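Asks: Chains as they are written, first to last, in the working numbering: chain U, 7 to 121; chain C, 30 to 142; chain Y, 2 to 522; chain S, 3 to 160.
Okay, handing you the structure first.
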Amino acid sequence: MIGNLPYVAVVIFIGLGIYTLMFKKNLIKIAIGVVLIENGVNLFLITLGYRKGAIAPIYTQAPSGQAMVLPTPQALTLTSIVIGIATTALILSVAMMIYKHYGTLDTDEVRRLKG
Amino acid sequence: MLGLLETGSGFWSAIIWIVLVLVIGSIVIYIRNKGEDSYKKNTEQDKPFISGNPEESKESSHLSASHIYWGFTEALKGYYNPLVKMHTGNINDYSSWIIVIAVIILIMVGVSG
Amino acid sequence: MNLSNHIPILIIAIPLLAAFLVPLIGRINKEATGILATLALSVSLILTIALAVKILTVGPQVYVFGATSPSLTLPSGLKFPVRIMFQIDAMGIFMGLITAVVSFVGAIYSLMFMKQNSGLDKYYSLLLLLTVGVFGMEFTGDIFNFFVFLEIASIASVALISFRGIDLGEPAEAGFKYMVVSSISALVVLFAIGIFYGQYDLLNFAALASVIKYSQLDKIALGLLIPVLAMKAGAVPMHMWTPDAYSEAPAPITMMLVAASQASLYALFRVVFSLYNISLNALTVGWIIIIFGLLSMFIGVTMAIIQKDIKRLMAYHAVSQTGYMFLGVGVGLAVLANPEALKDYGITAMEGGIFHIMNHAMYKGLLFLTAGALFFRSGTRDLNKMGGLAHYMKYTTIFFIIGAAAIAGLPPFNGFASKLLIYESVYKFNPLLSIVAMVVSILTLASFVKVFHSAFLGPKLPQFKEVKEVPRSMVFAMAVLSCIIIFFGLFPDLIVKNLVHPAVMSLIEQLQYTGTVLGGM
Amino acid sequence: MKEMSRIVKTVTNFVYGFIIIFGFYIIAHGHLTPGGGFQGGAVVGSAFALLLVSYGSLNSTKFLKKDIFSLFESFGLILFIVLGFSGLGITFFYNFLANSGGWFGNAAVIGVNPGDMNTGGVIPLMNIAVGLEVLSAFGVIVLTMASGAEFTKKKEKS
Numbered sequence: 007m008i009g010n011l012p013y014v015a016v017v018i019f020i021g022l023g024i025y026t027l028m029f030k031k032n033l034i035k036i037a038i039g040v041v042l043i044e045n046g047v048n049l050f051l052i053t054l055g056y057r058k059g060a061i062a063p064i065y066t067q068a069p070s071g072q073a074m075v076l077p078t079p080q081a082l083t084l085t086s087i088v089i090g091i092a093t094t095a096l097i098l099s100v101a102m103m104i105y106k107h108y109g110t111l112d113t114d115e116v117r118r119l120k121g
Numbered sequence: 030m031l032g033l034l035e036t037g038s039g040f041w042s043a044i045i046w047i048v049l050v051l052v053i054g055s056i057v058i059y060i061r062n063k064g065e066d067s068y069k070k071n072t073e074q075d076k077p078f079i080s081g082n083p084e085e086s087k088e089s090s091h092l093s094a095s096h097i098y099w100g101f102t103e104a105l106k107g108y109y110n111p112l113v114k115m116h117t118g119n120i121n122d123y124s125s126w127i128i129v130i131a132v133i134i135l136i137m138v139g140v141s142g
Numbered sequence: 002m003n004l005s006n007h008i009p010i011l012i013i014a015i016p017l018l019a020a021f022l023v024p025l026i027g028r029i030n031k032e033a034t035g036i037l038a039t040l041a042l043s044v045s046l047i048l049t050i051a052l053a054v055k056i057l058t059v060g061p062q063v064y065v066f067g068a069t070s071p072s073l074t075l076p077s078g079l080k081f082p083v084r085i086m087f088q089i090d091a092m093g094i095f096m097g098l099i100t101a102v103v104s105f106v107g108a109i110y111s112l113m114f115m116k117q118n119s120g121l122d123k124y125y126s127l128l129l130l131l132t133v134g135v136f137g138m139e140f141t142g143d144i145f146n147f148f149v150f151l152e153i154a155s156i157a158s159v160a161l162i163s164f165r166g167i168d169l170g171e172p173a174e175a176g177f178k179y180m181v182v183s184s185i186s187a188l189v190v191l192f193a194i195g196i197f198y199g200q201y202d203l204l205n206f207a208a209l210a211s212v213i214k215y216s217q218l219d220k221i222a223l224g225l226l227i228p229v230l231a232m233k234a235g236a237v238p239m240h241m242w243t244p245d246a247y248s249e250a251p252a253p254i255t256m257m258l259v260a261a262s263q264a265s266l267y268a269l270f271r272v273v274f275s276l277y278n279i280s281l282n283a284l285t286v287g288w289i290i291i292i293f294g295l296l297s298m299f300i301g302v303t304m305a306i307i308q309k310d311i312k313r314l315m316a317y318h319a320v321s322q323t324g325y326m327f328l329g330v331g332v333g334l335a336v337l338a339n340p341e342a343l344k345d346y347g348i349t350a351m352e353g354g355i356f357h358i359m360n361h362a363m364y365k366g367l368l369f370l371t372a373g374a375l376f377f378r379s380g381t382r383d384l385n386k387m388g389g390l391a392h393y394m395k396y397t398t399i400f401f402i403i404g405a406a407a408i409a410g411l412p413p414f415n416g417f418a419s420k421l422l423i424y425e426s427v428y429k430f431n432p433l434l435s436i437v438a439m440v441v442s443i444l445t446l447a448s449f450v451k452v453f454h455s456a457f458l459g460p461k462l463p464q465f466k467e468v469k470e471v472p473r474s475m476v477f478a479m480a481v482l483s484c485i486i487i488f489f490g491l492f493p494d495l496i497v498k499n500l501v502h503p504a505v506m507s508l509i510e511q512l513q514y515t516g517t518v519l520g521g522m
Numbered sequence: 003m004k005e006m007s008r009i010v011k012t013v014t015n016f017v018y019g020f021i022i023i024f025g026f027y028i029i030a031h032g033h034l035t036p037g038g039g040f041q042g043g044a045v046v047g048s049a050f051a052l053l054l055v056s057y058g059s060l061n062s063t064k065f066l067k068k069d070i071f072s073l074f075e076s077f078g079l080i081l082f083i084v085l086g087f088s089g090l091g092i093t094f095f096y097n098f099l100a101n102s103g104g105w106f107g108n109a110a111v112i113g114v115n116p117g118d119m120n121t122g123g124v125i126p127l128m129n130i131a132v133g134l135e136v137l138s139a140f141g142v143i144v145l146t147m148a149s150g151a152e153f154t155k156k157k158e159k160s
């Protein structure tokens, strides 16, 4: 049961992220919501590769016969973190541009494009 | 033959279509030329008839885009009002729609077995 | 070294190299950036055509990164592939051809269209990156790599959508909305990848397809992948980002965005057909896609009729036309488990849907370019303020008529050929669907008559005295697309027989797809 | 952004060099230990962010130049893609330096050992390219956002 705790954390992360996206009215908070979902998914990937009692998968520090944590999900997570940095930076800078022109970050007012 | 697209219950060929259009078109033009000869250019027959009202100037008579299909949208008001209201432009609604549809499809795929 | 083995990677690597070189060149000469981008994309176009010829004559191609030989998928007796690879079959190269043509035309059009803007080196760099991302989505044989390319494409397109956001508020708003929805979709795709990896320890499409069992977890992954990929393709009711993003991006970028959203559509078909194939409940999933198609067609076109912004109107038509693709392919999927119906009308319906993808990219690209040309000369996108522009812009008017006739499905243009395939085959499946499709086609014609009347017809307006025809390179870009449309319209059978039918068969036959990588049919 | 107090500036002066060196350590040892180009580049980028925050955006533009950063960014990216192209004799991204005896060409030893820097083939080179790209990209992002924040603040006041 204790091994499933990370999955509970994943659900909480993603749930909070979805809540933020659906109900929070501030553009910066929406960016935070996206980051929360992203962290949840990253945690999910990392947890998939975990094995109890296994060592870190480092080539030069591996005694033979010892079980290792799966390295592939870690590589996947790393890639998705890198992409996440770019996404976050882009969302925040676009939000800054919106603030520059609209003078507000409220989603109810940032909707000149509609209909 | 070139240009013969099988559609399952028939075929379509743009080249045959063009040839047919040319043939039928020339027949129509031929018949038209044989017809009414009381029409004369540059007489009163050329002028538009607006129930006796004076004709407006060309510049002021251009119909702008919002007036086109006015009757259509007016007649379908019951359909359009909720539809336009649906497109709020609010980013919260955008993400809500995605999540709602995802949940519906998850249920559909899960139940169908 | 035999370069012909390396064509799949060169198609992507050359624009990528150019994308990194452009900022350096931009320090020396601003003009050279556009020319370098166009050159790189033209090389890419030539290579794509060469690869298409090779694939259609020899068969599907794989390219394994970092292996001792490009086609070595299973080194040293492994059962499943471990390396990242490109796997390109007839469907992949069909989409690749669209992307190559559209990006090349977009680069040529941008030469003059974007000339007044600052930061051109970044513009071309991002345009090339967007092309790379879209190509990668279509060529990759690795599901995680697909996620990476999806993110590359969406990050580049957001930056391009909000490119004019320095001076205006609306592009930044459109960019923000697109970024949020596309990051949601990409993260959900990543979650589905996690589900697959946790179950099967595999990331390769073909290897996954050979072991997939349609367990409860696979159902969850499918239920997550369908809505987000359909959303990226612009299916109603998740289409709201489409008109915002399409209308605010510069015209050549809008054309590229159409290609990018079609790459997501391709990914949806790839997941449903190549990954799951008959193991899924084809009738349910098929009907889900058909319903997406119906809603997209009808709501898209009815919303388009009441628009006043020319690019927003066309963007709603993009939603509506995507519905036809969903409808055609959805019918094919619904009868996938029924070989007789599949042979009778399923394959024809899919041919119509797939052919419509290419037609749509061409005529919608042309229409967006004409809208861009109108904006370039008249300085407005508001249809209420336009009028009488046909007096000044003769070529643009002709191109607009070609594009509008094609999208409305008037014979003899290409839109008619693909729509006819859809009507006749869908009628056998369910007559009602076919009738709705025809009504939508009529409404499409009606709304383009509105655009034509209010923008091009009418007397000469005093405020447009200075307007003249757009520069020659923009006319050339539009002429290329018009020639393709007319050619496809006159000889649809050539395209359907040689390009579309192999693409459909490579979607339907799962074993062919897995066999290229795993060996042994 | 205004500059911060003397205490912050003094601590920054002490620390930022170590952060940068640590970042380069992570980049250079990417093929032996956890880490690599992106992680090391991010560490170096955080040093730039620290400088920017403590000295204020106006003062720090004297020693953090956006122009040079974007030059380095292009350079790192081109180095990366050229390394990919140079394997093209066999396949794209082929590790043509590994086990060749030359640059980074030693064979890696299996089992517990301190690690040999001279292994890995093109991987250390790619780490350096990515590290260069990431650290300069972080610099560009941080500087651009700081200048944008300056603008919005001015607008709020007026």
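Positions of the beta carbon are idealized from the N, C-alpha and C atoms, including for glycine.
The model shown is predicted, which means the values in this text are computed figures rather than measured ones.
Pick helix, strand or coil for Y/Gln464, following the three-state DSSP scheme.
Replies: helix
Asks: What do you reckon, are the CB atoms on Y/Ile291 and Y/Val259 nearer than 9 Å?
Replies: no
Asks: With C-beta atoms as the reference, is Y/Ala372 less than 9 Å away from Y/Gln263?
Replies: no
Asks: Taking CB distances under 9 Å as the criterion, tell me whether C/Thr117 reaches chain U.
Replies: Taking Cβ atoms only, chain U reaches closer than 9 Å to C/Thr117, which makes this a yes.
Asks: Does DSSP put Y/Met387 in a helix, a strand or coil?
Replies: coil
Asks: Since U/Lys120 meets chain C, which of its residues come closer than 7 Å, beta carbon to beta carbon?
Replies: His116, Thr117 and Gly118
Asks: Using only the alpha-carbon positions, how far apart do S/Asn61 and Y/Ala173 sit?
Replies: 29 Å
Asks: Identify whether C/Ser102 lies in helix, strand or coil by the three-state DSSP scheme.
Replies: This sequence places Thr at residue 102 of chain C; Ser is not what is there. Residue state, collapsed to three classes: helix.
Asks: Could you tell me the boundaries of the alpha helix (DSSP H) in which Y/Tyr215 lies?
Replies: Segment: none, Y/Tyr215 is in no alpha helix (DSSP H) and carries neither H nor E.
Asks: Any idea if Y/Met522 is buried or exposed, counting beta-carbon neighbours within 10 angstroms, 16 or more meaning buried?
Replies: Any reading at Y/Met522 must be qualified, since the residue scores a pLDDT of 40, below 50, and its modelled position is unreliable; the value itself is stated next. Y/Met522 comes out exposed.
Asks: Using only alpha-carbon positions, find the residue among U/Leu49, U/Tyr65 and U/Ala73 that is nearest to U/Gly59.
Replies: U/Ala73
Asks: Restricting to runs no shorter than 3 residues, where is the beta strand (DSSP E) found entirely within the stretch 263 to 336 of chain Y?
Replies: none
Asks: Kindly identify the DSSP beta-bridge partner or partners of C/Trp41.
Replies: BP columns for C/Trp41 point to C/Leu34.
Asks: Among Y/Val83, Y/Pro493 and Y/Ile509, which one has its Cα closest to the Cα of Y/Asn205?
Replies: Y/Val83
Asks: Would you say Y/Ile12 lies against chain S (beta-carbon separation less than 9 Å)?
Replies: no
Asks: Less than 9 Å between the beta carbons of U/Thr93 and U/Asn48, yes or no?
Replies: Contact: no.
Asks: Output the distance between the C-alpha atoms of Y/Phe147 and Y/Phe136, rounded to the nearest integer angstrom.
Replies: 10 Å
Asks: Who are the near neighbours of Y/Gln511 in its chain, counting only those whose CB is closer than 8 Å to its CB and skipping five residues on each side?
Replies: Ala210, Phe274, Ser275, Asn278 and Ile279
Asks: Over the uninterrupted alpha helix (DSSP H) stretch that includes Y/Ala363, give me the two end residues.
Replies: In the sequence as presented, Ala is not what sits at residue 363 of chain Y; that position holds Met. Element bounds for Y/Met363: Ile348 to Ser379.
Asks: Anyone know if the C-beta pair for S/Val124 and U/Thr66 falls short of 9 Å?
Replies: no
Asks: Please report the residue range of the beta strand (DSSP E) in which Y/Met86 lies.
Replies: Met86 to Ile89
Asks: Under the three-state reduction of DSSP, which class applies to Y/Met239: helix, strand or coil?
Replies: coil
Asks: For Y/Asn205, does the three-state DSSP call read helix, strand or coil?
Replies: strand
Asks: Our contact map puts Y/Met394 next to Y/Ala418 with C-beta atoms below 8 Å; I'd like the distance itself, whole angstroms only.
Replies: The Cβ separation is near 29 Å, so there is no contact.
Asks: Check whether the Cβ of U/Ile61 lies closer than 9 Å to any Cβ atom in chain Y.
Replies: no
Asks: Using beta carbons (cut-off 9 Å, strictly below), is Y/Met522 in contact with chain S?
Replies: In this prediction, Y/Met522 has a pLDDT of 40, which is less than 50 and means its spatial position is unreliable; nothing more can be read from the coordinates.
Asks: Taking a contact to mean a Cβ-Cβ separation below 9 Å, would you say Y/Val181 touches C/Tyr123 in this structure?
Replies: Yes, the pair counts as a contact, with Cβ atoms nearer than the cut-off.
Asks: Just the Cα atoms here: how many angstroms apart are Y/Leu25 and Y/Met506?
Replies: 45 Å
Asks: Check the C-beta distance from C/Asn119 over to U/Asp114 and give it rounded, since I have them as a contact under 8 Å.
Replies: 6 Å
Asks: Output yes or no for whether 9 Å exceeds the beta carbon distance between S/Phe71 and S/Ser138.
Replies: yes
Asks: How about U/Leu98: is its C-beta nearer than 9 Å to some C-beta of chain C?
Replies: no
Asks: Looking only at DSSP bridge pairs, what is U/Ile61 linked to?
Replies: U/Met74
Asks: Do you know how far the Cα of Y/Ala207 is from the Cα of Y/Ile194?
Replies: 14 Å
Asks: Look up Y/Gln200 in the DSSP assignment and give the residues it is bridged to.
Replies: Its beta-bridge partners do not exist; DSSP assigns none.
Asks: Using only the alpha-carbon positions, how far apart do Y/Pro413 and Y/Gly490 sit?
Replies: Going by the C-alpha atoms only, they are around 6 Å apart.
Asks: Is the distance from the Cβ of Y/Ala504 to the Cβ of Y/Ala91 below 9 Å?
Replies: yes
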